[in-house]
Amino acid sequence: MTRVFYKTFGCKANQYDTERMRQEVEVRGGITVDQSEEFEVCLVNTCTVTNAADKEARKFIRKIKRDNPGIRIIVAGCSAVLRGSEYKEMSEVETVVAGHDPVQVSLAAERKSELVQIRGFHEESKSSGIGDNPSILSYRRSATRGWLKIQDGCDRKCSFCATRLARGASRSRSLEEIINEALILSQRHPEIVLTGIHIGHYGRDLECPMTLSQLLHHLLEMVPGTRFRLGSIEATEIDDSLLDLVNSSGGQIAPHFHMPLQSGSDPVLRRMRRWHSREEYRTRALKIAEKLPYLGLGADIITGFPGEQEKDHEETVRLVEELPYTYLHVFPFSEKDNTAAAQLSGRVSRKVSRERGMQLRKIAEDKNMKYRSSRSGGLSFVALEQQGRNAITEDYLKVQVNDSELRDPERIYKGTLGGSGRDLYIDLHS
Ligand code: SF4
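Residue 11 is where the sequence shown starts when you use the working numbering, and the numbers rise one by one after that.
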């Protein structure tokens, strides 16, 4: 039996894809191991979000082969789609799977294929099967919260984004498949995160189109007792019916939105080829915060995008200060070949990008601490993590659990928050 170690780079969607690969390899008799154990195969699921991400994968491949000369390395994922020939040329790499097809990966692990080139990378091969439906993921390894990918790909054309180049147009999974997967995942996971590349466009491409709110409505009905959380979603795609559903769900949909902002300046947003203005984002965010009694609110921001002037950055700072963010993910702009942004003039130095990032991170940190303290004394419903030592609240705060009693990780617990700032903790009620 082949012992396989999996290494994943990149986003939640990529991590979900690795879980599907792991499951398929296991169905065919493979064994999943950690890096500290012995293994024959290393599967590297790559990310291509920046040139640095490609480089990081290549560095990892060289190192793992140096440390374990006898292993076979399979490279898959987004970077393998866009830079397959570069991986093919690496002497350390045995097989390249251009995409995320679990069957192609498992065949490569079994050594039933030498070099796989997939033309229609978004079309999956037929799996050997889990139950009646081969494309269903049954659990997420070593995790309390399950992930469920509801769609892949994206129809937008943001100038900095290579993800859509690697993953193609938006493709939604059917309602039936999603409900089946949610039912199975809910047996092991008290919370399921709905993930994808552009989940706000869920259902547009289906034969009978449906919206994300309609999908959630079905999930609440068919999978009661499980909490759902939305992965990253664009502010302009959170409509009133979605907000009403969050409010009326009795906590079954977590009051947490991660809404990419990227920049708070209109000229920069235009160069990024974002479809919304600063004001459209701002009014939507304020409306969302007004409608929900409390809310975990996050965003991605890119600093030092080509052409970003000091006044553009100040616009972003002002917007971040105004909106009720509880955390931010801030990245300095990093070039990516083949994207429109790579051709733009007006490079911003790394030093300036980093300084702007540090300023935004500092504001976000202060907001995060204030928000955490404001929740002290309030009730919360948490999913346990790390053997019950930590927990994730509905509004996406990581808190310590105030006792070390062993508990069932497969349910949501109610408790009272105490402490403040970084030291926020929860006393569980039962
Ligand atoms: S919305 Fe923009 S950044 Fe997001 S996946 Fe689509 S093209 Fe990329």
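Every residue gets a Cβ at the ideal spot worked out from N, C-alpha and C, and that includes glycine.
Coarse secondary structure for residue i, derived from DSSP in three states
i      : result
Leu407 : coil
Phe267 : strand
Asp249 : coil
Val165 : Per the sequence presented here, residue 165 reads as Asp, with Val not at that position. Looking at Asp165 - three-state DSSP - the assignment turns out to be coil, as it is neither helix nor strand.
Ala67  : helix
Ala172 : coil
Asp433 : helix
Gly260 : coil
Ile41  : strand
Tyr97  : helix
Leu240 : strand
Gln33  : helix
Ser182 : strand
Ile74  : helix
Tyr26  : helix
Tyr423 : strand
Gln272 : strand
Arg13  : strand
Thr326 : helix
Gln319 : coil
Asp111 : coil
Arg284 : coil
Arg198 : coil
Tyr212 : coil
Ser440 : coil
Tyr291 : helix
Leu302 : coil
Ser46  : coil
Leu296 : helix
Ile254 : What sits at residue 254 in the sequence shown is Asp, not Ile. Helix at Asp254.
Pro234 : coil
Arg177 : helix
Glu187 : helix
Ser148 : coil
Pro219 : coil
Leu226 : helix
Leu416 : coil
Pro79  : coil
Which residues DSSP lists as bridging residue i, in chain order
i      : result
His339 : Asp310
Asn55  : Thr18 and Ala86
Ile2   : With the chain running from 11 to 440 in the structure shown, residue 2 is simply not present.
Thr105 : Ile84
Trp157 : Val203
Gly428 : Tyr435
Contact belief for residue i with residue j at Cβ below 8 Å, rounded distance in angstroms
i      : j      : result
Thr154 : Glu395 : 5 Å
Gly306 : Leu407 : 7 Å
Ser184 : Gly163 : With 8 Å as the limit, Ser184 and Gly163 do not qualify as a contact, their Cβ atoms being about 15 Å apart.
Val107 : Ala86  : 4 Å
Cys52  : Lys17  : 6 Å
Leu204 : Gly213 : In fact, because the Cβ distance is near 12 Å, the residues do not count as touching under 8 Å.
Ile298 : Val330 : Not a contact, Cβ separation roughly 16 Å.
His199 : Arg166 : Wrong, their Cβ atoms sit about 30 Å apart, outside the cutoff.
Val14  : Thr42  : 6 Å
Phe170 : Ile311 : With a Cβ gap of about 12 Å, Phe170 and Ile311 do not count as contacting.
Arg382 : Leu438 : No, Arg382 and Leu438 are not in contact; Cβ-Cβ is about 18 Å, not under 8 Å.
Met379 : Gly431 : 4 Å
Leu302 : Val256 : 6 Å
Within the stretch 332-385, note down every full beta strand (DSSP E) run reaching 3 residues or more, in order along the chain.
If we require 3 residues or more, the beta strand (DSSP E) runs fully inside the stretch 332-385 come out as 339-342.
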